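In the working numbering, the protein residues as written are 206 to 350.
Okay, structure coming up:
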């Protein structure tokens with residue numbers, strides 16, 4: 206390397222044009238690893254294909270349009286937004302209830318907590334009763350068949 210092209214630590218470039226590992230201390234402050242690789246290949250006498258930013262082939266443009274169209278189809282789907290809303294409500298509602306209970310004054314937060322536990326138990330009992338009724342109906346239908 207000559208002093209006019211690089212003034213960093215003296216390191217002999219590799220003989221191969223297949224430069225895969227380049228020491229990071231060879232990087233200039235404004236240089237990316239790809240630019241450094243190209244510089245090393247050129248110093249070794251190799252040929253580097255020019256990279257032009259923003260150049261797209263017709264195939265890439267076609268793929269991007271297809272991707273954008275499919276994304277717009279998905280994002281305009283009604284069920285997607287219903288699912289997102291339900292997931293948000295499932296997460297946010299218990300947090301809001303706990304936050305409200307914690308912010309209540311002393312006698313009310315205790316009453317609200319006890320009421321919440323009682324309602325939770327009633328809902329669980331109702332669910333068990335519904336499941337038991339369904340099993341009984343299935344047994345009656347199995348006996349008739």
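Virtual Cβ for every residue (Gly too), placed ideally from N, Cα, C. Here the structure is a predicted model, which is why all the values come from computation and not from measurement.
Contacting residues, own chain, Cβ-Cβ under 6 Å from residue i (five flanking each side not counted)
i	result
residue 344	none
Terminal residues of the alpha helix (DSSP H) in which residue i lies
i	result
residue 333	311-349
residue 264	263-280
residue 249	Note, residue 249: premise wrong, no alpha helix (DSSP H); not H, not E.
residue 298	283-308
Own chain residues within Cβ distance below 7 Å of residue i, not counting five before or after
i	result
residue 317	306, 309
Residues near residue i in its chain [Cβ-Cβ closer than 8 Å; skip 5 each side]
i	result
residue 311	none
residue 225	Any reading at residue 225 must be qualified, since the residue scores a pLDDT of 47, below 50, and its modelled position is unreliable; the value itself is stated next. Same-chain partners within the cutoff: there are none.
Proximity test, Cβ basis, 8 Å: residue i and chain C
i	result
residue 309	No chain C is present in this structure, which holds just one protein chain.
Three Cβ pairs or more, each shorter than 8 Å: is that satisfied between the region 287-307 and the region 322-333? no
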